[in-house]
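The next block holds one structure in the form of structure tokens; read it before the comments.
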Amino acid sequence: MARHGGRGWYGQVAAAALGVTAVTVAASLWTAQAGPVTGSAKAGTSVHHPAPKAAAAAVSAQIAHASDRGTRGVNITIDDGPDPVWTPKVLQVLKEYGVKATFCMIGPQAKAHPDLVRAVVAAGHRLCDHTVSHDVTMDTKSEAYQSREILDADSMITEASGGVRPLYYRAPGGAFTPYSRKVAASHGMRPLGWNVDSKDFERPGTAAIVATVKEELPNGPTVLFHDAGGDRSETVDALREVLPWLKEQGYSFGFPVR
Numbered sequence: 095m096a097r098h099g100g101r102g103w104y105g106q107v108a109a110a111a112l113g114v115t116a117v118t119v120a121a122s123l124w125t126a127q128a129g130p131v132t133g134s135a136k137a138g139t140s141v142h143h144p145a146p147k148a149a150a151a152a153v154s155a156q157i158a159h160a161s162d163r164g165t166r167g168v169n170i171t172i173d174d175g176p177d178p179v180w181t182p183k184v185l186q187v188l189k190e191y192g193v194k195a196t197f198c199m200i201g202p203q204a205k206a207h208p209d210l211v212r213a214v215v216a217a218g219h220r221l222c223d224h225t226v227s228h229d230v231t232m233d234t235k236s237e238a239y240q241s242r243e244i245l246d247a248d249s250m251i252t253e254a255s256g257g258v259r260p261l262y263y264r265a266p267g268g269a270f271t272p273y274s275r276k277v278a279a280s281h282g283m284r285p286l287g288w289n290v291d292s293k294d295f296e297r298p299g300t301a302a303i304v305a306t307v308k309e310e311l312p313n314g315p316t317v318l319f320h321d322a323g324g325d326r327s328e329t330v331d332a333l334r335e336v337l338p339w340l341k342e343q344g345y346s347f348g349f350p351v352r
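Note that our numbering has the sequence shown beginning at 95, numbered continuously upward.
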């Protein structure tokens, strides 16, 4: 999700479920931009990183926005789940309109609801690593911390799915760093941005969500929605309007480029 204040819920879930440290969510705006992968550990810091698993070939560390369906493709991305109430409803809407999406999952949420992770995979959707504690200040933290957040979530999601790995990594609030992008890419997860923030997390009303998507679609093909973190009924209703509208406009639905 985009950076907003008062969003400490995910840190609390992670702490309760796994004993990890809850983090304070800072208020900021989406500013992450793809750039050269540079940077090194701070002086005096020794960082150990597990070697990439054999099945995960390295991918580009540049932040992906484009669709694999070309200029008339749209990527629907769903963040912050899985959630036992809202993920099934989102899955049902996607099924009704024959749309495949990318689900950016929080590690402890995936661990707590493996049935939903497997349902997402079984329906032909793709998985994305959205870290352990959804810390939108990750870009201010140590490289060791960033690595743990990414790779521990990768392991949780992969285990919950029955062995299907995330193909993307989305930094919470867009808090990418050159280092975090490099870590994710070396483990087979393309860093994933967005072009259209539906603002559904703010629950502005279904009509407002739909209007935002229509207005911002010229910005690019990757659209951000959420299936957790509170009442997502407006998201479900907005998807019922947005998906057929996109088809009427001649768009097809794809996945972010790899």
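Ideal placement from N, C-alpha and C gives every residue a C-beta, glycine not left out.
**OP:** Put Val230 into one of helix, strand or coil per three-state DSSP.
**Re:** coil
**OP:** Can you tell me the Cβ-Cβ gap for Ser292 and Ala265, rounded? I've got them flagged as a contact below 8 Å.
**Re:** Actually they do not touch by this definition, with Cβ atoms about 18 Å apart.
**OP:** Answer with buried or exposed for Gln186, where buried requires no fewer than 16 other C-beta atoms within 10 angstroms of its C-beta.
**Re:** exposed
Original post:
Touch check for the segment 295-304 and the segment 208-223: three-plus C-beta pairs under 8 Å?
Top reply: no
Original post:
For Gly348, which beta-bridge partners are listed by DSSP?
Top reply: Asn169
Original post:
How would you call Pro130, buried or exposed, if buried means at least 16 neighbouring beta carbons within 10 angstroms?
Top reply: Residue placement at Pro130 cannot be trusted, given a pLDDT of 36 that sits under 50; what the coordinates show is reported in the next sentence. Pro130 comes out exposed.
**OP:** Throw me the rounded Cβ distance for the Phe221 and Ser249 pair, which I believe falls under 8 Å.
**Re:** The question names Phe, yet the displayed sequence has Leu at residue 221. At roughly 13 Å, the Cβ-Cβ gap does not stay under 8 Å, so Leu221 and Ser249 are not in contact.
Original post:
If you drop the 5 nearest sequence neighbours on each side, which residues of the same chain put their C-beta closer than 7 Å to that of Asp218?
Top reply: As written in the sequence, residue 218 is Gly, which differs from the Asp given in the question. The answer, listed in chain order, is Lys194.
**OP:** Kindly indicate which residue of Ala160, Phe197, Pro182 has the alpha-carbon position closest to the one of Asn289.
**Re:** Ala160
Subject >> Coarse secondary structure for Arg275, derived from DSSP in three states >> reply: helix
Subject >> Classification of Pro176 by the beta-carbon crowding that lies within 10 angstroms, buried from 16 upward >> reply: buried
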